[in-house]
Amino acid sequence: LGTFALSLPGKVYAAEAGRDAILALQAGASRAGRAVFAEHRDLFRRPLTAAECDRFHAIILDPPRAGAKEQIGQLAASKVPVIAYVSCNPSSFVRDADILCKAGYKLDWVQPVGQFRWSTHVELAARFSR
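Counting in the numbering used here, the sequence shown runs from 203 upward without gaps.
Spelled out as structure tokens, the structure:
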């Protein structure tokens, strides 16, 4: 959570279901003097609505292995111009990417990252825009 939120310029909103991660981010942001609003929110059960998403210039998503189908549906209906998507599951990424592309987003690039030696596990980073 902090890897993304603390490296971004300007004001940042971060949502996370894990309370400990939110507390750690708040402490890190405070020490760094950063403007980060961290909310304890389970985006699987209560995704940001399209109207809530419209407040942002860009959104970074790093969902669990199941992906972010509910949140992607709201993003697809939003006016957010840029979405960065980090995935640990190529199958759920393809499903979510298909939803975004059908809603008018363009997949600008996707980069596989094999960070676990001797493992078949792969991470993906991608950028969508419209």
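Note that the Cβ used here is the ideal one computed from N, Cα and C, for glycine as well. Small disclaimer: the values here were computed from a predicted structure and weren't measured.
Exercise for the section: Buried or exposed for L263, please, with buried defined as at least 16 other CB atoms from any protein chain shown within 10 angstroms of its CB. Expected result: By the Cβ neighbour-count rule, L263 is buried, with 16 or more other Cβ atoms within 10 Å of its own.
Problem - For I262, the residue or residues it bridges with in DSSP - result: Paired residues: A286.
Practice task
Using the Cα positions of Y215 and F239, report the straight-line distance between them to the nearest angstrom.
Solution key: Going from the Cα of Y215 to the Cα of F239 covers about 5 Å.
Problem - Residue ranges of each alpha helix (DSSP H) within the segment 205-276, 4 or longer - result: Within the segment 205-276, the complete alpha helix (DSSP H) runs of at least 4 residues fall at 221-234 and 252-255.
Exercise for the section: Using a threshold of 8 Å, state whether the C-beta atoms of D310 and F330 are closer than that. Expected result: Taking a C-beta distance under 8 Å as the contact criterion, D310 and F330 qualify as a contact pair.
Handout entry: Residue span of the beta strand (DSSP E) that contains A328, given as start and end
Key = A328 -> beta strand (DSSP E) spans E325 to S331.
Practice task
Within 10 angstroms of the Cβ of S289, are there 16 or more other Cβ atoms? Answer buried if so, exposed if not.
Solution key: Buried is the call here.
Exercise for the section: Please list, in chain order, all residues of the same chain as Q317 whose beta carbon is under 7 Å from its beta carbon, the five residues on each side excluded. Expected result: Excluding residues within five positions, the ones whose Cβ falls inside 7 Å are E325.
Practice task
Express the C-alpha separation of P211 and S232 in angstroms, rounding to a whole number.
Solution key: Put simply, the backbone Cα of S232 is about 15 Å away from that of P211.
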